[in-house]
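Scroll down for the structure; my scribbles are underneath it.
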Amino acid sequence: MTPESIVVAGAGLAGATAARTLRAEGYAGNITIAGTEPHPPYLRPPLSKEYLLGKAGEDAVEVVPASWYAENNVSLRPGSPVASVDPAAHTVRFADGTVQGYGALLLAPGATPRTLPLSGAELDGVTTFRTIDDSRRLRDQLAPGGRNVVLIGSGWIGMELAAAAKTYGNQVTLLGLEDIPLAAALGPELGSFFRALHEDNGVHFRLPASAREITGHNGKVTGVVTDAGELLPADIVVIAVGVVPETSLASAAGLEIRNGILTDASLRTSAPDIFAAGDAANALHPFTGEHHRSEHWSNALNGGKVAAKAMLGQDVALDMVPYFYTDQFDVSMEYSGFPSLAAKAAPVIRGSLERKEFVAFWQQDGRVVAGMNVNWPRSVKPSAQKTIKALITARAEVPAERLADGNVTFDQLIPEP
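Here is the structure:
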């Protein structure tokens, strides 16, 4: 039966997309979106890229225009999150004490930045990076240039922030626990490609290295001491060591938790009429038969759509091939696939790393399980990403030599349906 009312706990991309999908599917019941931040839902990817660099305005981060919610009779409660859930009574309690019933509930609480137990982490100028307010504040700090910036963390966010900070004309040093940045995600060859990209643009690395202490004077950060005892001058320190899925609400409600809120392929949790989507959901993926938790915007976008349709009783599954992208200096990269399946494989390269124009394929048992393209011409049809996704979905064996051979066109790689 179609629920009379739906509550969305989480005002991010997944929650807003679910609401938009519900209305697009003709749902006429009550929809309430409740979030922690005092803002309407927004997109996170631009925060560490074009929005941080001042190349995109506020409209670039809107999921939908602010007027959409009232125009579509969606109740938006920014700054008033769901504080507790009673699955048996089918009610939620908001932070202001208000209790509201639901026919279906979507948990889309996102994730919170990891912190480090460092002396000096409370100093002015030290921050994590997750929200639009973080991006605005960091942009104001970076824009004048000439500052000493230390990034703690050599993952995607750390690398993107390093690129932005250097583009503004700051001195940038990046610390990470890996010997090669991004090696855990891409392997040593492509991790080295991104390290060289940054070094060519003046970013300094300390790898492997961790922060032992953050120093300050009069409440303001002045430096970072590494585990090797080196003192790095710092006016700005960003701790970018990943995020933790926000599961406290679901856990307190008795839902099954395992590296996130556990769901089936339709994003149903272990409690009746409760669904989960976005960064916090650990969903069963039909392609692998395993649970996957993704922190990328594509997962939140598609998860919101699937959850909405599942709440309306439709037979749907979150079966899309995972996707994300990054922009760093003059490199634009897109990645599709399953990093867990590609972890032990060396990439097959088509194109040239030296020219910063290539496609990388990862295979398992001769089948493509992941792929990425860097600055690959959009004029090439079918596109690199369409080709990668088609090869993954087809599960067809493709000789590595054909993947690497530029004389074999992409449409020749894709098997006939």
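First residue of the sequence shown: 1, per my numbering; consecutive thereafter.
Using N, Cα and C, we set each Cβ at its ideal position, and we do this for glycine too.
None of these values were measured; they are calculated from a predicted model.
{"Check": "For residue 77 and residue 35, believed in contact at Cβ under 8 Å, the rounded distance", "Outcome": "7 Å"}
{"Check": "Element boundaries [alpha helix (DSSP H), containing residue 339]", "Outcome": "339-342"}
{"Check": "Supposed contact pair residue 66 and residue 40 - C-beta distance, whole angstroms, cut 8 Å", "Outcome": "5 Å"}
{"Check": "Between the CA atoms of residue 1 and residue 112 - distance to the nearest angstrom", "Outcome": "35 Å"}
{"Check": "Which of helix, strand or coil DSSP assigns to residue 141", "Outcome": "helix"}
{"Check": "Distance, residue 72 Cα to residue 20 Cα", "Outcome": "9 Å"}
{"Check": "6 Å CB neighbourhood of residue 183 in its chain, flanking five on each side removed", "Outcome": "191"}
{"Check": "Alpha carbon of residue 130 to alpha carbon of residue 334, nearest angstrom", "Outcome": "21 Å"}
{"Check": "Beta-bridge partners of residue 206, as assigned by DSSP", "Outcome": "175"}
{"Check": "Same chain, Cβ closer than 7 Å to residue 203, neighbours up to 5 away in sequence not counted", "Outcome": "162, 166, 172, 174"}
{"Check": "For residue 372, the first and last residue of its enclosing beta strand (DSSP E)", "Outcome": "367-374"}
{"Check": "Contacts around residue 179, its chain only, beta-carbon distance under 7 Å, and the 5 residues preceding and following it disregarded", "Outcome": "207, 208"}
{"Check": "Whole-number beta carbon distance between residue 342 and residue 370, since they are thought to touch under 8 Å", "Outcome": "4 Å"}
{"Check": "Helix, strand or coil at residue 33 [DSSP, three-state]", "Outcome": "strand"}
{"Check": "Beta-carbon spacing of residue 250, residue 261 below 7 Å", "Outcome": "yes"}
{"Check": "Buried versus exposed call for residue 305 [16 or more other C-beta atoms within 10 Å across all chains shown]", "Outcome": "buried"}
{"Check": "Those residues which DSSP pairs with residue 42 across a bridge", "Outcome": "62"}
{"Check": "Distance, residue 269 Cα to residue 255 Cα", "Outcome": "7 Å"}
{"Check": "Pair within 7 Å by beta-carbon distance, residue 5 and residue 29", "Outcome": "yes"}
{"Check": "For residue 26, the nearest candidate out of 353, 3, 125, 64 (CA to CA)", "Outcome": "3"}
{"Check": "Same chain only: Cβ atoms within 7 Å of residue 458, ignoring 5 sequence neighbours per side", "Outcome": "Lying outside 1 to 417, the shown extent of the chain, residue 458 is not represented and no answer is given."}
{"Check": "Residue range of the alpha helix (DSSP H) that includes residue 198", "Outcome": "188-200"}
{"Check": "Straight-line gap, residue 267 to residue 299 (C-alpha atoms, nearest Å)", "Outcome": "12 Å"}
{"Check": "Three-state secondary structure assigned by DSSP to residue 249", "Outcome": "helix"}
{"Check": "Residue range of the alpha helix (DSSP H) that includes residue 17", "Outcome": "13-24"}
{"Check": "Three-state class that DSSP yields for residue 71 in the structure shown", "Outcome": "helix"}
{"Check": "Backbone CA spacing between residue 104 and residue 340 [nearest angstrom]", "Outcome": "32 Å"}
{"Check": "Inside the segment 277-305 only - beta strand (DSSP E) runs reaching at least 3 residues", "Outcome": "281-285, 290-292"}
{"Check": "For residue 131, the residue or residues it bridges with in DSSP", "Outcome": "For residue 131, which the question treats as bridged, DSSP gives no partner whatsoever."}
{"Check": "Beta-carbon spacing of residue 211, residue 118 below 7 Å", "Outcome": "yes"}
{"Check": "Residue 308 and residue 9 closer than 7 Å at C-beta", "Outcome": "no"}
{"Check": "Whole runs of the beta strand (DSSP E) within the segment 71-132, excluding any shorter than 3 residues", "Outcome": "74-78, 82-86, 91-94, 99-101, 104-107, 111-113, 126-128"}
{"Check": "Validate contact between the segment 229-248 and the segment 357-377 using beta carbons, cut 8 Å, 3 pairs", "Outcome": "no"}
{"Check": "Same chain only: Cβ atoms within 7 Å of residue 246, ignoring 5 sequence neighbours per side", "Outcome": "109, 110, 111, 112, 280"}
{"Check": "Exposure label - residue 217; buried when at least 16 CB within 10 Å", "Outcome": "exposed"}
{"Check": "6 Å CB neighbourhood of residue 141 in its chain, flanking five on each side removed", "Outcome": "236"}
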